[in-house]
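> The sequence shown runs 1 to 531 under full-length UniProt numbering.
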Amino acid sequence: MTRRYTYRPLLTGANSIRLLRLLPASGKADIRCQIFDYQHPPEQAYGPYEALSYTWGDTTDLRRISIEDDSSETFYFNITANLYTALLYLRESEISRTIWADAICINQEDIEERGRQVQIMAGIYSSARGVVIWLGKEGNCSTAALKMIRASAITNQDLTGDGQAVATNAARWLDGLWLGERMLGALLALLSRPWFRRIWVLQETAAARSITIKCGRMEITGSEFCRGLRSLSDFPEVDKLLRRPIGPLLQLMAGSALGGQDEYREAAPQIWSNLSLRLFPLAELLDKFHAHEATDRRDKIFALLGMSTDHAILSSIRPDYTKCWSSLFQALIAHILGPLVWIRTWDEQPQAVIYGSGVPLGMITRCNGRELVLSTRSPYVNKPPGAVIYSATWHNPAYAKGIRPRDVVCLLDGAQRPMVIRSEKDYFKIIVISLPPPVEIRAKSNDHERRADWPELVENRPTGRTSRNCVLLWDLKPFTLPLENNVPHVQTDTLFEAIGVESTFHLGLPEPIQDRLTRERFVREIMDDTY
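1. Starting from Met148 and walking both ways along the alpha helix (DSSP H), at which residues does that stretch end?
2. Could you compute how far the alpha carbon of Arg116 sits from the alpha carbon of Thr365?
3. DSSP three-state label for Ser53, please.
4. Can you check which of these residues, Asp287, Thr2, Ser72 and Ile343, is closest to Pro248 by C-alpha distance?
5. Below 8 Å on the Cβ atoms is my guess for Ser66 versus Cys33; work out the distance and round it to an integer in Å.
6. Going by alpha carbons, who is nearest to Ile526 out of Pro455, Ser434 and Phe428?
7. What number of angstroms, rounded off, separates the C-alpha of Asp234 from the C-alpha of Gly228?
8. Going by DSSP, name the residue or residues bridged to Ala303.
9. Excluding the 5 residues preceding and the 5 following Ile441 in the sequence, name in chain order all residues of the same chain whose CB lies nearer than 8 Å to its CB.
10. Select from Ser326, Pro42 and Leu282 the residue whose C-alpha is nearest the C-alpha of Asp310.
11. Could you tell me the alpha carbon to alpha carbon distance between Thr221 and Ile133, rounded to whole angstroms?
12. Tell me Trp474's beta-bridge partners as DSSP assigns them.
13. Taking only the alpha-carbon atoms, compute the straight-line gap between Asp158 and Arg198 and give it to the nearest angstrom.
14. Since Leu184 is in the alpha helix (DSSP H), which residue starts that stretch and which ends it?
15. Spell out the partners DSSP gives Glu219 in its beta bridges.
16. Report, in whole angstroms, the separation of the C-beta atoms of Ile336 and Ser434, which I expect to be a contact under 8 Å.
17. For the alpha helix (DSSP H) containing Phe496, name the first residue and the last one.
18. By a C-beta neighbour count over all protein chains shown, 10 Å radius and 16 as the cutoff for buried, is His448 buried or exposed?
19. What does DSSP give as the partner residues of Ala443 in its beta bridges?
20. Does DSSP classify Gly123 as helix, strand or coil?
21. Between which two residues does the beta strand (DSSP E) containing Glu68 stretch?
22. Report the residue from Thr12, Gln349, Thr80 and Phe75 whose alpha carbon sits nearest the alpha carbon of Thr60.
23. So, does the stretch 211-226 touch the stretch 314-326, judging by three or more C-beta pairs under 8 Å?
24. Which same chain residues, not among the five before or five after Ala331, have their C-beta less than 7 Å away from its C-beta?
25. Exposed or buried, which one is Gly500 when buried takes at least 16 other CB atoms within 10 Å?
26. Under 8 Å between the Cβ atoms of Leu19 and Tyr5?
27. Which whole-angstrom value is the C-beta distance of Asn140 and Ala186, which I expect to be below 8 Å?
28. Three-state secondary structure (DSSP) at Ala101?
29. From which residue to which residue does the beta strand (DSSP E) around Thr429 run?
30. On a CA-only basis, which of Arg97, Lys240, Thr155 and Ala86 is nearest Ile213? Give me that one, please.
31. Thinking Glu113 and Ile106 are a contact (beta carbons under 8 Å), I'd like their distance in whole angstroms, please.
32. Between which two residues does the alpha helix (DSSP H) holding Tyr89 run?
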């Protein structure tokens, strides 16, 4: 085993991938594998493999595996320590196991191949027999945490016969469990593992036919994991743990593990050609998940394309690793906000400065885990008889940046949907870049209240009929500690401080907004319109 494994080109055809045959062994024996070509038949619902969902881990901490070729020659191949450990725990002692794992089955050094394989990732995971989620080695009482989740899931099932006896035993076990600091710590440690913050796991779990979650030797099904956490959320401490970033991910997982994605699994052959699961518009996916982590910043966009409904029209945003981040990010913003905004992006940071004009529609007056309520104000200082005041209500999903009272809903000129923005000293921070239509709009005039619709609210421009200039910052940084929705907001920085530059020259602002006092005036005008 003196030579490094060299990839052969993939077979021609849109559905061509490589698979890994993990050869049997036990204990800590060296890992031996075979890599072979596979072309998924268009008419076949699923293929003869499992897809692995995991994190690469430290890319400098490498382990060596053996690849056996058709020529009976053995080659070596380096993989990260976390993937090596996953293969050890997945390996059977008597029979081989067929797996798809991106670090091995995609030639990562071939940029063009990587881009093409990323485009069909939704098809790869939806056509697998199942998806195995590898959380890592046992540690921090992870086995106890998973056992508690499983027991909680069992106690909340409608079972009869032997199943009822199992549920009764599980309930007794839970009754004897003190959900104190130790078990809460175990749950927090489990849900804080790197896998839950990785951007690619969103598509991998949403596409899954079935899910197995494995941490060390302990494993549970995806449905047990979702039902158990849902049950444990009755505890306030656990409910707090399940808020963003975990909440939206669990919703995707539950849709797959509990059968909610059947329409996509039945259409698995079409997913290969459509290149997407078609769950939500790309902008909505970004609002929910942009703070998840990616080693390559471009994957923040590419990983979500495979779930988007507008994938087919995004020719300028297809997975292409020859395209720089700043160009990709700029094309994305232009797609979401239209052609009337000025956009400044940088290759070295996940932020964009946007300059445009728009109409502030109102202010968020109520925000909780279930709903958002926007209230408009009359465009008149002294409200005349018959003046209409609107209120709009949205379901409140767990956005990556939590919406708070006093945030402003603004419709930019040229944009199809409004955004939610938050005032800073001389700019607005984008909280939600594409707010979907509200579930209900009410119009109130004098003592009369009636239903209204979105076009009426926008047309009447309840905060005034003049578009306002605004400077916006959209930041796709990874998660820090999530903030509570109702914590009062304190303006903390200027635009230069937020971007990390020292002068207008370095920021490259257009002349109309180079002056800080002008930018501060823009903020005041919009806030005055909404109060």
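Glycine included, each C-beta is placed from N, C-alpha and C at the ideal position.
Checking against the coordinates, here is how it stands:
1. As a working note, residue 148 is residue 148 in the sequence shown. Segment Ser142 to Thr155, the alpha helix (DSSP H) holding Met148.
2. On the sequence shown, position 116 is the one that residue 116 refers to. On the sequence shown, position 365 is the one that residue 365 refers to. Roughly 46 Å between the two C-alpha positions.
3. The residue labelled residue 53 in the question sits at position 53 within the sequence shown. Strand.
4. The sequence position of residue 248 within the sequence shown is 248, counting from 1. The shortest C-alpha separation from Pro248 is found at Asp287.
5. One-based indexing of the sequence shown puts residue 66 at position 66. One-based indexing of the sequence shown puts residue 33 at position 33. Confirmed, Cβ separation roughly 7 Å.
6. Taking the first residue of the sequence shown as 1, we reach residue 526 at position 526. Taking only the C-alpha atoms, the option nearest Ile526 is Phe428.
7. In the sequence shown, the residue the question calls residue 234 occupies position 234. In the sequence shown, the residue the question calls residue 228 occupies position 228. The alpha-carbon atoms of Asp234 and Gly228 are separated by roughly 11 Å.
8. Indexing the sequence shown from 1 puts residue 303 at position 303. Ala303 pairs with nothing; no bridge assigned.
9. Counting from 1 along the sequence shown, the entry for residue 441 is found at position 441. Tyr390, Ser391, Ala392, Thr393, Arg451, Ala452, Asp453, Trp454, Glu456 and Leu457.
10. Residue mapping note: residue 310 aligns to position 310 of the sequence shown, counting from 1. The residue with the shortest Cα to Cα distance from Asp310 is Leu282.
11. Residue mapping note: residue 221 aligns to position 221 of the sequence shown, counting from 1. Residue mapping note: residue 133 aligns to position 133 of the sequence shown, counting from 1. Approximately 10 Å between the Cα atoms of the pair.
12. Along the sequence shown, read from residue 1 onward, the residue named residue 474 stands at position 474. For Trp474, which the question treats as bridged, DSSP gives the partners Ala352.
13. Here residue 158 is taken as the residue at index 158 of the sequence shown, counted from 1. Here residue 198 is taken as the residue at index 198 of the sequence shown, counted from 1. Unreliable positioning characterises Asp158 in this predicted model, as indicated by a pLDDT of 49, which lies under 50. The coordinate reading is nonetheless provided below. About 34 Å.
14. Taking the sequence shown and counting its residues from 1, one reaches residue 184 at position 184. Glu181 to Leu191 is the extent of the alpha helix (DSSP H) around Leu184.
15. The residue labelled residue 219 in the question sits at position 219 within the sequence shown. Answer is Lys214.
16. Indexing the sequence shown from 1 puts residue 336 at position 336. Indexing the sequence shown from 1 puts residue 434 at position 434. Confirmed, Cβ separation roughly 6 Å.
17. Within the sequence shown, numbered from 1, the residue matching residue 496 stands at position 496. First-last of the alpha helix (DSSP H) with Phe496: Leu495 to Ile499.
18. For the purposes of this step, residue 448 is identified with residue 448 of the sequence shown, where counting begins at 1. By the neighbour-count rule (16 or more Cβ atoms within 10 Å), His448 is not buried but exposed.
19. In the sequence shown, residue 443 corresponds to position 443, counting from 1. In the DSSP output, where bridge partners are listed per residue, Ala443 has Tyr390 and Arg450.
20. Translated into the one-based positions of the sequence shown, residue 123 becomes position 123. It is helical.
21. Numbered from its first residue, the sequence shown carries residue 68 at position 68. Taken as a continuous stretch (DSSP letters only), the beta strand (DSSP E) holding Glu68 covers Leu62 to Glu68.
22. Stepping through the sequence shown from its first residue, residue 60 is reached at position 60. Closest option to Thr60, Cα to Cα, is Thr80.
23. no
24. Within the sequence shown, residue 331 is the residue found at index 331, counting from 1. Cβ neighbours of Ala331 beyond the five flanking positions: Ser316 and Ile317.
25. Along the sequence shown, one-based indexing puts residue 500 at 500. Exposed: under 16 other Cβ atoms inside 10 Å.
26. As a working note, residue 19 is residue 19 in the sequence shown. As a working note, residue 5 is residue 5 in the sequence shown. Cβ distance not < 8 Å, so Leu19 and Tyr5 don't count as in contact.
27. Against the sequence shown, residue 140 aligns to sequence position 140. Against the sequence shown, residue 186 aligns to sequence position 186. Right, their Cβ atoms sit about 6 Å apart.
28. Your numbering for residue 101 matches position 101 in the sequence shown. Coil, per DSSP.
29. Position 429 of the sequence shown, counted from the start, is the residue given in the question as residue 429. According to the sequence displayed, residue 429 carries Lys and not Thr. Phe428 to Val432 is the extent of the beta strand (DSSP E) around Lys429.
30. The residue given as residue 213 occupies position 213 in the sequence shown. If we check each option's Cα against that of Ile213, Ala86 comes out closest.
31. On the sequence shown, position 113 is the one that residue 113 refers to. On the sequence shown, position 106 is the one that residue 106 refers to. About 7 Å; that satisfies the 8 Å criterion.
32. As a working mapping, residue 89 is identified with position 89 in the sequence shown. Ala81 to Leu90 is the extent of the alpha helix (DSSP H) around Tyr89.
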